[in-house]
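Trainee: Residue 629 is where the sequence shown ends in our numbering, and the numbering goes up by one at each step.
Handing you this structure, nothing more for now.
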Amino acid sequence: MSVILSYNGAFVVTRENGDMKGTYDGFYIFDTRFLRGVRLKLNHHSVLIGAAQEGSRKAYSHFSIGDRAVLLRKREIRDDWTYREEFQLYNTSREVIELRIEYTFKVPIEDVFEVRKFGGEKIKRRVKRSFKEESEYLYLGKDKIERNLKLKTNLQREKNMLFAEVTLEPLQKEIFYVEFSPRISRDRLDVFLTEKSLNLPNVVSTNMTWLDRIFERAVEDLVALTAYTNHGMVPFAGIPYYACPFGRDSIITSWFLLPYYPQYAQGTLRFFAKIQGKKFDPLNEEEPGKIPHEFRFGELSHAKRIPFAPYYGTVDATPLYIILASEYLQWSGDKDLIEKLKPNLTAAVEWILRKLEEGGGYIRYKAGMLANQGWKDSKEGIPTEKGLPTKHPIALVEVQGYAYKALRDAALLELTFLDSKMLEREAKKLKKRFNKDFWTGNFYALALDGENNPSKVVSSNVGHLLFTGIAKYEKEISERLFEEDMFSGWGIRTLSSKEEAYNPFSYHNGSIWPHDNAIIALGLSLRREKEKVRILSEAVLKAAKLLPNAQLPELYSGLESEYPLLCPRANAPQAWSAASVFAFLTALLGLRVDEKLIVDPSLPEGIRITTRVVFRGKSHWIKAKGKEVVRLEGRIF
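Laid out in structure tokens, this is it:
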């Protein structure tokens, strides 16, 4: 079983005993594995008798050494990204004990994509070692960026082995430590991580212990996945494979957290403005105005051996970026930031208009590095009713809704330098043709293929339309999503159980994704469908209650069962899953902005919630029970 520690962009993967034995085990930051192959040895037989984790940054392993001594192994990621291990040896007997402790390790300084066996031939590196007061491992990458690792310890050294000969008197304690501090040169980087202490207070309390634990765990996961960049706080997508900024993931996470932690939206808007597309480049699928899918800090990406610094293969991040800017302005009133971002927002809207023209009235994509470029980005994620992949170029149902809302918001809030009346006209034209081409008579198609043939499968993607305003048949959407083939009791499935492609344990064709359900809940809340909001929110939150550690993973099974079942491919922690808890809270409280803050709650029976929201720069307490509200102005947790 693996143990994962994470803090401000750095993460560590070990076994329960603290060793790094697994293929992907190691100490990572800047998309680089600095440390691997860690092993602690004692010359006496030891047995692991306990392991624990404290938050996202600390872990402990407890060993018995024979029947006369114990070892406590502590592991921690510190504020400056130092990975520290501490070994506390206790002689619990009345006799003298002699021990030898050995600590071996390897310093590969290798790209995370090499660890994943992606990106072609592995680089043959020459990592230099400098032995002074502190050992240092030095590497100049193919991208001309220095990546170094300092070692500090009170153990004796012998190449890549540290050791100590220990004589413990009766009841004596001895402490040893090792510290690994990574460094990267930043002069060649426009965006980079910064050392900064992260404090994210939990702003929710309830009268239910199980519900409190869900919010506590969500905050722990968010802390684990938050990174400070030189442009502000940005949520990384997930650990271990997606520990980097992702366009749609970071944007949706920031949107979900906006009423409670607006600093995420602010940082995410700034960060992605900095790496927005400026030219046409088929290698990384960059286009002017396009918001990236993924940004990596590693050597292979910056040496352009792989196209991930950044990679632009997504069609939803750009309209979602505009929507986040719109929501941020309405909640914060921060006109200064939006004014600074106007060139970026203008370029993003121009990208939408260009893609609509190129796609015959819809935003479409062809297969690139990713076969599918919406949130269901697996190869089999967009099936037809025959269970086969939809043919490219594909127009996704939810992306047209995002584009419509982005155009309308840009027009109504004057987010760009473009003519607002023109944008309003384009939005109306999109809505008219969308309801003609995507409506199949009883539901909206998942997608249109390259010949405008609809994929008539029943999918959760259609539920995203409820918050965009593009759909003419909103009532039909909300009713269909809660029929038995879509609603499992633990949430809304990604695909109807009646479809050929359905598999309740698949990645995108029958599983349940918390963020997907949260978007649907927010749309239902805007429609004032309070009972459906309650049913859906309660289903996913009760799934969290029963899942390990009260944690919402990336996805879980869509099987109708007595308790929710995990899927083997699911990442945990996952940022938008953790943030989904707050989106469900927003929906249950009926929070929305219409020049003023509106609270219209409908909480499940017996639940009382107190939370802090931030509106127009001021903190407000909201206390709610059922449909009752008490709001206390200006109070701060």
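Where a beta carbon is used, it is the ideal one built from N, C-alpha and C, also for glycine.
Taking Cβ positions, are residue 6 and residue 101 nearer each other than 8 angstroms?
Mentor: Not a contact, by the Cβ cut-off of 8 angstroms.
Trainee: Would you mind stating whether residue 4 and residue 19 have Cβ atoms separated by less than 8 angstroms?
Mentor: Taking 8 angstroms as the Cβ cut-off, residue 4 and residue 19 qualify as a contacting pair.
Trainee: Where residue 556 and residue 177 are concerned, what is the direct C-alpha to C-alpha distance, given to the nearest angstrom?
Mentor: When rounded, the distance between both Cα atoms is 46 angstroms.
Trainee: Buried or exposed for residue 269, going by 16 or more other Cβ atoms inside 10 Å?
Mentor: Answer is buried; the Cβ neighbour count reaches 16.
Trainee: Using DSSP with H/G/I as helix, E/B as strand and the rest coil, what is residue 366?
Mentor: Three-state DSSP puts residue 366 in coil, outside helix and strand.
Trainee: Excluding sequence positions up to five away, which residues of its chain have a Cβ less than 8 angstroms from the Cβ of residue 128?
Mentor: The answer, listed in chain order, is 121, 122, 140, 141, 142 and 143.
Trainee: For the region 49 to 57 and the region 221 to 232, state whether three or more C-beta atom pairs, one from each stretch, are separated by less than 8 angstroms.
Mentor: No, they do not touch.
Trainee: If you compare alpha carbons, which of 138, 111 and 126 is closest to residue 119?
Mentor: Among 138, 111 and 126, the Cα nearest to that of residue 119 belongs to 138.
Trainee: Can the beta-carbon of residue 572 be found less than 8 angstroms from the beta-carbon of residue 248?
Mentor: Yes. Within cutoff.
Trainee: In the DSSP assignment, what residue or residues form a beta bridge with residue 243?
Mentor: Beta-bridge pairing links residue 243 to no other residue.
Trainee: When the Cα of residue 36 is compared with those of 44, 81, 68 and 43, which residue comes out closest?
Mentor: Ranking the options by Cα distance to residue 36, first place goes to 81.
Trainee: From the DSSP output, read off the bridge partner residues of residue 198.
Mentor: 601, per the DSSP bridge assignment.
Trainee: Exposed or buried, what is residue 622 when buried is set at 16 or more other beta-carbons lying within 10 Å of its beta-carbon?
Mentor: So residue 622 ends up on the exposed side.
Trainee: On the premise that residue 356 lies in contact with residue 386, defined as a C-beta separation below 8 angstroms, what is that separation, rounded to the nearest angstrom?
Mentor: Their Cβ separation, rounded to whole angstroms, is 6 angstroms, which keeps residue 386 and residue 356 in contact under 8 angstroms.
Trainee: Quick check: what's the CA-CA separation for residue 96 versus residue -4?
Mentor: Using only the alpha carbons, I get a separation of about 20 angstroms.
Trainee: For the region 546 to 555 and the region 490 to 502, state whether three or more C-beta atom pairs, one from each stretch, are separated by less than 8 angstroms.
Mentor: Taking 8 angstroms as the limit for Cβ pairs, the verdict is that the region 490 to 502 does touch the region 546 to 555.
Trainee: Where residue 597 and residue 618 are concerned, what is the direct C-alpha to C-alpha distance, given to the nearest angstrom?
Mentor: Cα to Cα, residue 597 sits roughly 6 angstroms from residue 618.
Trainee: So which of 399, 251 and 258 has the shortest CA-CA distance to residue 338?
Mentor: Comparing Cα positions, the closest option is 399.
Trainee: Are there 16 or more other CB atoms within 10 angstroms of the CB of residue 404, so buried, or fewer, so exposed?
Mentor: Residue 404 should be labelled exposed.
Trainee: Sort out for me which residues DSSP pairs residue 148 with in a bridge.
Mentor: 155.
Trainee: Within 10 angstroms of its Cβ, does residue 104 collect 16 or more other Cβ (buried), or is it exposed?
Mentor: Buried, since its Cβ has 16 or more Cβ neighbours within 10 Å.
Trainee: Label residue 524 either buried or exposed according to how many other C-beta atoms from any shown protein chain fall within 10 Å of its C-beta, with 16 as the threshold for buried.
Mentor: Buried, because 16 or more other Cβ atoms sit within 10 Å of the Cβ of residue 524.
Trainee: Taking three-plus beta-carbon pairs below 8 angstroms as touching, is the region 453 to 461 in contact with the region 511 to 527?
Mentor: With the cut-off at 8 angstroms, the region 453 to 461 and the region 511 to 527 touch.
Trainee: Just verifying my parser: in three-state terms, what is the DSSP assignment at residue 268?
Mentor: Coil.
Trainee: Return the chain-ordered list of same chain residues with a C-beta closer than 7 angstroms to the C-beta of residue 211, the five sequence neighbours on each side being excluded.
Mentor: If we look at residue 211 and ignore the five residues flanking it on each side, its Cβ neighbours are 192 and 194.
Trainee: Would you kindly report the start and end of the unbroken beta strand (DSSP E) that includes residue 224?
Mentor: Looking at the DSSP string, the run of the beta strand (DSSP E) that includes residue 224 is 224 to 227.
Trainee: Ignoring anything shorter than 4 residues or poking outside the region 10 to 34, list the alpha helix (DSSP H) runs there in chain order.
Mentor: Here no run is fully enclosed.
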